[in-house]
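J.: Okay, so the sequence shown: first residue is 606 according to our numbering, each after it adds one.
The beta-carbon is built from N, C-alpha and C at its ideal position, and this holds for glycine as well.
As the structure is a prediction and not an experimental result, all values here were calculated from the model.
One structure, pasted below without further comment.
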Amino acid sequence: MIQQIEFLIQDLPDADFARRFFTQLTDKNPVEANKLLRQQNQGLLADVLALATFSPFLATTLLQHPEYISWFGRNRNEANNRGRDELLESLARFSATNSTLEPQILLSRFRRRELLRLYLRDIRKQETIAEITEELSNLADACLENALQIARQELDNRFGIPLEIDDNGRAKRAKFSIVALGKLGSRELNYASDIDLMFIYSNDGATSGTGRKGATSNREYFGKLAEQIAKIAGEQTNEGAAYRVDLRLRPHGRVGALAVSLKEAVNYYKKTAQSWERQVLIRSRSSAGDAEVFKDFYAKIETNIYQIDETVENALQNVRLSKQKINLEHGAEKGFNVKLGKGGIREIEFIAQALQLAFGGRDKWLREPHTLISLKRLTDRNLLTENELTELSDAYSFLRTLEHRLQMENGFQTHAVPDETHKRELIAKRMKCNDLTSFDEKLKLHSNNVNRVFERVFNRDALAQTKRKTSFSSIRKTKTLTETSPEAFDKATQTQSNQLLTRIAESLESSEISFNLSDEKLNVLTNLSEISPYFGEMLAANPRLIEFLPNVETAFSAKNYSANLRQVVENQSVLRDEFAAMRSEWAKHFLEIGTFDALEKISLRESKKAQTELAESSVETALIVAKKELTRRFGEFGGESKNDFTLSVLGLGKFGSRGMDYGSDLDLILIYDDEKPSPVANLTHAEFYSRATEIFIAALSSLTREGHLYRVDLRLRPDGKNGATCLSKSSFFNYLRERAQIWELLAYVKLRAAGNLDFSQNIETGARKIVHERAGRFESNELNVETKRVRDLLESENALKSRRSEINIKHGAGGMLDVYFAVRYLQLRDNLPDDEANRSTDSTLKILRENGSLSEENFTAFSEGYDFLQTLDHASRLILGRSKPLPGASQSVLSDLARRIKLNDANELLIKIAVQTANIRTAYEKVMS
């Protein structure tokens, strides 16, 4: 039997363990083992072996309960993220078939069974870290709700129901809420987290006394209820506990009552709670029970958490003290602590929470419990830079994944990366790194990035006082900058962007880089940093790129990006080196485009064309990298056929319309050819191409020492985040024909194949045809109503996120989305596909006018308005690196933008925005009326 699994285990992290596991399974349950060896179950066998080697803890679960294998086989390919209610239903069915078990054992077994399904999706990378931790939180919510139901029934039988008196003097059941704190509170639970809880009930009073022990006080009833819930969910049995329940964060800590009334809780947090206790409530919510109790509680104490008169210094100091306490308690520990160490997860959480406490009192939008969402919102408010957001988000994903791999080794709550080489090598494999060196480099990169931002946020005053003033002049003696004249240095140190140039100089000084920097290059560097802080930050982060600043006095000519990227990748033989080479080469070309653009040597159209070509070439190269890596894993596949690796990349959004700009995401759909045999005989199409997709996305978006290329967004794929990351051609076409909604057709109308594979072109042609056919099956009025609904929804959602003073030229009334939605609606209504050669909005507007779909008046309003807004958006991206609302209250930023687009001042810019958006909105309403 062992020989039959050799092919499946050769690329697993621990092939020896896989053999031992399967031998044990065969000995203990030969029936299940033989079932797995059947040809039709090869995919299931591969997944079972993968689970076992990634988690010996789950391997033990399968050996103890081999009947779970059949359940796992039915549920392993489930795409949906299960919510609390769905998990409660599943738990009810599990309970019905295991009715003789004690509640503690029942919950423990149910949780471990569900982890089989969840962890497979995790190691397959079918879900983001946010989606995994959300479903782990949903699972805990379901278990707590079940524990509450069991405990409440027992207490009701003893004492009757707890009563309170309503405003009309009538008795009714008192309400009760299980409040989640910490990671469960922010829906970021990991596999072996404690669950931090507190219990609040609505009012004091007494029970009805109808139980066998008569009446008691509500305080007594709810105290016993809390105790029983904690016991059911957290008591250790011979099969372990479902969760470790931690109640120490409740009011008054260990000496406090297990359950407190709403009034008591509010008084405590208003009058007694320390600052760290209020900080805890940033991540709080109702996990089970009556959510209204928590909502009432939170509404009354929210202003005590986020205080409007809180100073930045005090908020930072309070959180800093918490971190210093952690350092004292854990500073002597050996090895790297993923959670509490320098550059660890807790530093990311504290960065977010400190800034939320500092600014959340005056800005309600910053009051968000989830770490990743809060980081994004802090960036939108310019409290973090875009580069810091990318670094922190990528580090969070890497470190949380590492934490999961460590914990799922044996199911223990551990955060320490082992020191022993063989253990570290195993962790590296489970993290899907090429080798231990690659893992160590990534860990160092991410932890250094986190700690740098942490120090910037928490020590900015000290840094400002002690930082040595470095300039290009001061490093001239230590670097071979001999071609640079004193006059050029003087200009660099006198520019308005002196602070940024100082950072670039410091970065250059601390590096080992040495090269000649001519007057011309220093002038380009000075001008580029002054015009575009985005590119200045890029150079500060990677001073090696300074050497590749272009000579802007020569004419710009787009390079053969595809050939250049392909060449540097083909020169490498290891995935890590391919990623590094690809990023280094890409950065040179991206910098060249940005420099010519910033210094106005190329037009907006030329810039977008070059950026789109660079993105297309990056996608093509990422496919080459994926194929090379899969060849290394599985050997040559496909024989002599040129179409042995048929993964088609379809672009949407700006990529689809060939309008890529600084900070644009890559909106993609990935399709494989299911009409040809799978490239690897023992893997299904879905299994092979899901691995290809994983490598492809990592090639484009994973953060390495050399940075990353693009954010890859797959949310527009069929079934969204619940759908497969790559689909077969037949399933994609079937989805378009039968299930695609109008809002999806509005996106898919801009679909375009990236690359020149015949298969990709065929997919594009077929998909575009089906999109217009599908749209034709809807009534014109239905298209109209749904288009307006989606547009209105996006406008209202973004209005809630924005400050009143901000101007949203994309989502706001009369913004670019008005043009996008009107154009795409008319294309679908009148069956007018894009021009093959030119997919731009400008080109499509002309097609609509020429075909009578758009009046001359509306064409002019859309065309002129869109031209102005995209020019303004491009200027904003060039300066900031990403499209974001304009700060209406910031005259300096508006003045910079006005100058960039050849207007006199901020006032003229505001007037023109108002006029053009009003014209666009009028035309939009006419088209959609």
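Would you mind sorting Asn1509 into buried or exposed? The rule is 16 or more other CB atoms within 10 Å of its CB.
T.: Under this definition Asn1509 is an exposed residue.
J.: Can you give, in chain order, each stretch of the alpha helix (DSSP H) that sits fully within the stretch 1317-1375 and has at least 4 residues?
T.: The qualifying runs are 1334-1343 and 1347-1353.
J.: Taking Cβ positions only, does Gln1018 come closer than 8 Å to chain B?
T.: Of the protein chains in this structure there is only one, and it is not chain B.
J.: So Glu1225 is in the alpha helix (DSSP H); what residue range does that whole segment cover?
T.: Run containing Glu1225: Leu1209 to Phe1239, per the alpha helix (DSSP H) assignment.
J.: For Leu1314, which residues of its own chain have a beta-carbon under 6 Å away from its beta-carbon, when the five flanking residues on both sides are left out?
T.: Cβ neighbours of Leu1314 beyond the five flanking positions: Trp1191, Ser1223 and Leu1305.
J.: Could you say which of Ala664, Pro671, Ala1160 and Asn685 lies nearest to Gly1325 if we only look at CA atoms?
T.: Of Ala664, Pro671, Ala1160 and Asn685, the residue nearest in Cα terms is Asn685.
J.: Identify, in the order they occur along the chain, each residue of the same chain with its Cβ nearer than 6 Å to the Cβ of Gly1258, setting aside the five sequence neighbours on each side.
T.: Cβ within range, chain order: Asp1272.
J.: If you follow the alpha helix (DSSP H) that Tyr806 is in, where does it begin and where does it stop?
T.: From DSSP, Tyr806 is part of no alpha helix (DSSP H) but of the beta strand (DSSP E) over Asp799 to Tyr806.
J.: Please classify Pro1492: does DSSP put it in a helix, a strand, or coil?
T.: In this structure, Pro1492 counts as strand in the three-state DSSP scheme.
J.: If you follow the alpha helix (DSSP H) that Val1254 is in, where does it begin and where does it stop?
T.: Val1254 -> not in any alpha helix (DSSP H); beta strand (DSSP E) instead, spanning Leu1252 to Leu1257.
J.: How would you write the range of the alpha helix (DSSP H) that Phe1201 sits in, first residue to last?
T.: That run of the alpha helix (DSSP H) goes Leu1180 to Ala1203.
J.: Note down the Cα distance separating Thr990 from Asn1064, rounded to an integer number of angstroms.
T.: Taking the straight line joining both Cα atoms gives about 16 Å.
J.: Buried or exposed for Glu1378, going by 16 or more other Cβ atoms inside 10 Å?
T.: Flag for Glu1378 reads exposed.
J.: By a C-beta neighbour count over all protein chains shown, 10 Å radius and 16 as the cutoff for buried, is Glu1008 buried or exposed?
T.: The residue is buried, with at least 16 neighbouring Cβ atoms inside 10 Å.
J.: Note the first and the last residue of the continuous alpha helix (DSSP H) segment covering Lys633.
T.: Run containing Lys633: Ala620 to Lys633, per the alpha helix (DSSP H) assignment.
J.: Does the count of Cβ pairs from the stretch 1165-1185 and the stretch 1134-1151 closer than 8 Å reach three?
T.: Output reads no: the stretch 1134-1151 does not touch the stretch 1165-1185.
J.: Under the assumption that Thr1465 contacts Tyr1430 (Cβ atoms under 8 Å), give the Cβ distance between them as a whole number of angstroms.
T.: Not a contact, Cβ separation roughly 19 Å.
J.: Rounding to the nearest angstrom, what Cα-Cα distance links Lys777 and Pro1023 in this structure?
T.: About 55 Å.
J.: Give the straight-line distance between the Cα atoms of Glu1292 and Leu1235, rounded to the nearest whole angstrom.
T.: Roughly 12 Å separates the two Cα atoms.
J.: Could you spell out where the beta strand (DSSP E) holding Lys777 opens and where it closes?
T.: Ala776 to Arg778 is the span of the beta strand (DSSP E), which, as asked, contains Lys777.
J.: For Ser998, name the three-state secondary structure that DSSP assigns.
T.: Reduced to three states, the DSSP call for Ser998 is helix.
J.: For Ile674, which residues does DSSP report across the bridge?
T.: In the DSSP output, where bridge partners are listed per residue, Ile674 has none listed.
J.: Counting Cβ pairs, one atom from each stretch, are 3 or more of them under 8 Å apart for the stretch 854-865 and the stretch 826-833?
T.: Yes: at least three Cβ pairs fall under 8 Å.
J.: Please state whether DSSP places Ala1538 in a helix, a strand or coil.
T.: Since the first residue shown for the chain is 606 and the last is 1534, residue 1538 is missing from the structure and cannot be characterised.
J.: Do Leu1133 and Thr1200 have their beta-carbon atoms positioned less than 8 Å apart in this structure?
T.: Yes, these two residues count as a Cβ contact at 8 Å.
J.: Quick check on the DSSP output: what are the complete alpha helix (DSSP H) runs of length 4 or more inside the stretch 688-748, in order along the chain?
T.: The stretch 688-748 contains these whole alpha helix (DSSP H) runs: 689-702 and 708-728.
J.: Can you name, in chain order, every residue of its own chain whose Cβ lies under 8 Å from the Cβ of Leu1405, other than the five neighbours on each side?
T.: Correct list, in chain order: Trp970.
J.: Starting from Gly828, follow the alpha helix (DSSP H) in both directions and report where the run begins and ends.
T.: Asn823 to Gly839 is the extent of the alpha helix (DSSP H) around Gly828.
J.: Looking at Gly1419: is its Cβ nearer than 8 Å to the Cβ of Ile1525?
T.: Yes, the Cβ-Cβ distance between Gly1419 and Ile1525 is below 8 Å.
J.: For Ile1506, does the three-state DSSP call read helix, strand or coil?
T.: The answer is coil: DSSP assigns Ile1506 none of H, G, I, E or B.
J.: If we call anything under 8 Å between Cβ atoms a contact, is Lys875 one with Ile906?
T.: Closer than 8 Å, so yes.
J.: Use the C-beta contact count for Asn1413: other C-beta atoms within 10 angstroms, 16 or more gives buried, fewer gives exposed.
T.: When all chains shown are included, Asn1413 counts as buried.
J.: Restricting to Cα atoms, I'd like to know which of Phe955, Ser892 and Glu869 is closest to Gln597.
T.: Residue coverage of the chain in this structure runs from 606 to 1534, which leaves residue 597 outside it and unanswerable.
J.: Below 8 Å CB to CB, which residues in the same chain sit around Asp1066 once its five sequence neighbours on both sides are set aside?
T.: Note that Asp1066 has pLDDT 44, beneath the 50 cutoff, so the model's placement of it is unreliable and the number below is only indicative. Glu918, listed in sequence order.
J.: Does DSSP put Gly894 in a helix, in a strand, or in coil?
T.: Three-state DSSP puts Gly894 in a strand.
J.: To the nearest angstrom, how far is it from the Cα of Glu844 to the Cα of Ser713?
T.: Rounded to whole angstroms, Glu844 to Ser713 spans 7 Å at the Cα level.
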